[in-house]
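Be aware that the sequence shown starts at 21, since it is given in my numbering, and climbs by one per residue. Each residue gets a CB set at the ideal place from its N, CA and C atoms; glycine is no exception.
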Amino acid sequence: MLLGVTGGIAAYKACILARRLVEAGAHVRVVMTRAATRFVGPDTFAALTGGPAYTDPFEEPGAVLHVRLAREADLAIVAPATANVLAKLAHGMADDLLTATLLEATCPLVLAPAMHTGMWEHPATRANVEALAARGARLVGPEAGPLAAGDEGPGRMAEPEEILRVAEEVAASGRDLAGVRVVVTAGPTWEPIDPVRFIGNRSSGRMGVAVAKEAFDRGADVTLVLGPGTVEPPPGPRVVRVETAEEMRRAVLEAAEGADAVVMAAAVADFRPEAPAPSKLKKELGPPEVRLVPTPDILAELGAERRARVLVGFAAETDDALEAARPKLAAKGLDLLVVNEVGRPGTGFGAETNRAAILAADGTEEPLRDRTKAELARAICDRLAALLRPSP
Ligand code: C5P
């Protein structure tokens, strides 16, 4: 395991990560940039890993150190990864031991960015991160929270435990969706009654966001079409924000062009006010009559046109969930239907866990009880990977 440490205050947390990696049984080699040594001394890492922490490409006379380190690594982690190292890696620069090693290395790469919010959100950093992710690097974090200089916002390095978890996942080679294009929808839609009021639902977007994150982490190229008022999207997937069912329809149809799979986890409103009032309806005029008309059924449209190879729908049901859901599989031309029981405490909309089942077009039914949304997302991606794998 190669652990690259670059110059940010989060370098102190890299010490904990080094320790956890050693505890997990990894043989850890540390490479530090010069700036990193301003925050933590190489001797700290040497003591934690039982081997030298390298900084200088010419440290071992007679050896081509960056080549040796690159060849020895089964996995490389850069934590913290500054905006500077992300830029250098994105552009193939190799002006120190760490970047030279990573340019030579062919192993999977995990990056834990840490920087100030402005640097993280700068279009240059966004482009660098996208380029690295597109080449298969796995990003973990950053998270929002306190930053150096008393500031607060996205940019804080993910916790060592989370980096370790991701590293273990990558090491277990979970990139079975690499090269696959997935469109995921999440959240509710809001259908306007007038400029300030709307008809919506309680969807938090958590389920779809979990699927988008999982698919991205497994190497997919993910477009997340996200409804309003939802949880924050994960870093990585391309995010298209929409508000109404019609906007979602347009975004999904466009993104689905050439996609391998569409996962419709959004709780699209079934009805919308026929004619939203152009100005705010006055209370004094009494209760308005709002005539509702159906919204377009996006999934049915995708199913009829077979725009993507694999179509996954969701069904949220309060009673006899499976019975109620079964006919939808064929009716909407789906490959998989994820059935969720909603309306009971602790499950469904806004909750952390789901009681669910996956129904498949081949007639199989996989019950999934009391799973977290992340676990459910994993199960869905397992099925996607199996369906998209070319048959032998
Ligand atoms: O028929 P029902 O609304 O229960 O189906 C739910 C599934 O259909 C979900 O996957 C949802 O995202 C999708 N849907 C849709 N367009 C709608 C309503 C639901 O794509 N207008």
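Query: Three-state secondary structure (DSSP) of Ala203; Result: At residue 203 the sequence reads Val, which differs from the Ala that was named. Here Val203 sits in strand by DSSP.
Query: Inter-residue spacing [alpha-carbon to alpha-carbon] between Thr26 and Ala99; Result: 7 Å
Query: Reduced DSSP category for Pro412 - H, G, I as helix; E, B as strand; rest coil; Result: For Pro412, the pLDDT reaches just 46, beneath the cut-off of 50, and the residue's location in the model is therefore unreliable, although a value from the coordinates is still provided. If DSSP states are grouped into helix, strand and coil, Pro412 belongs with coil.
Query: heavy atom of the ligand C5P below 7 Å from Ala275 C-beta; Result: no
Query: Local Cβ density within 10 Å of Arg54, reported as buried at 16 or more and exposed below that; Result: exposed
Query: Between the CA atoms of His136 and Pro412 - distance to the nearest angstrom; Result: Its pLDDT being 46, under 50, Pro412 is placed unreliably by the model, and the measurement read from it follows with that caveat. Going from the Cα of Pro412 to the Cα of His136 covers about 48 Å.
Query: Secondary structure of Pro128, DSSP reduced to three states; Result: coil
Query: Distance cut 5 Å, beta-carbon to the ligand C5P heavy atom: residue list by chain order; Result: Met284, Ala286, Val288, Thr315, Asp317, Ile318, Leu319, Gly333, Phe334, Ala335
Query: Met268 in three-state terms, based on DSSP; Result: helix
Query: Inter-residue Cα distance where the pair is Gly112 and Leu123; Result: 6 Å
Query: Segments assigned alpha helix (DSSP H), at least 4 residues, entirely inside the region 215–297; Result: 226–237, 265–276
Query: Helix, strand or coil at Val60 according to DSSP, with G and I counted as helix; Result: coil
Query: Alpha-carbon to alpha-carbon, Arg176 and Glu189; Result: 21 Å
Query: Cβ separation of Arg269 and Pro316, assumed to be a contact under 8 Å, to the nearest whole Å; Result: 5 Å
Query: Top-ranked residue by Cα proximity to Asn104, from Arg146, Leu22, Ala83; Result: Arg146
Query: Contacts around Phe218, its chain only, beta-carbon distance under 7 Å, and the 5 residues preceding and following it disregarded; Result: Trp210, Glu211, Pro212
Query: Reference Glu182, options Leu354, Glu385, Lys33, closest by Cα; Result: Lys33
Query: Cys127 to Leu95 span [Cα, whole Å]; Result: 5 Å
Query: Ile36 in three-state terms, based on DSSP; Result: helix
Query: Alpha helix (DSSP H) segment containing Pro347, residue limits; Result: 341–351
Query: The region 41–58 / the region 220–229 touching (three or more Cβ pairs under 8 Å); Result: no
Query: Met113, DSSP secondary structure in three states; Result: coil
Query: Pick from Pro254, Ala235, Thr338 that is closest to Leu404, judged by C-alpha positions; Result: Ala235
Query: C-alpha gap between Ala286 and Gly71, whole angstroms; Result: 50 Å
Query: Test item: CB-CB of Val332 and Ala345 under 8 Å; Result: no
Query: Expected contact under 8 Å - CB spacing of Val48 and Leu23 to nearest Å; Result: 6 Å
Query: C-alpha gap between Ile36 and Pro180, whole angstroms; Result: 6 Å
Query: Cross-strand partners of Leu356 (DSSP beta bridge); Result: Val332, Ala380
Query: For Val186 and Tyr74, the rounded distance between their alpha carbons; Result: 24 Å
Query: Entirely enclosed beta strand (DSSP E) segments - the region 144–187, minimum 3 residues; Result: 163–166, 172–176
Query: Leu301 to Leu246 span [Cα, whole Å]; Result: 28 Å
Query: Counterpart residues of Arg49 in DSSP-defined beta bridges; Result: Leu22
Query: Of the residues Pro308, Asp290, Ala376, Val288, the one placed nearest Ala297, counting alpha carbons only; Result: Pro308
Query: Closest residue to Gly45 among Pro133, Leu184, Ala230 (Cα-Cα distance); Result: Leu184
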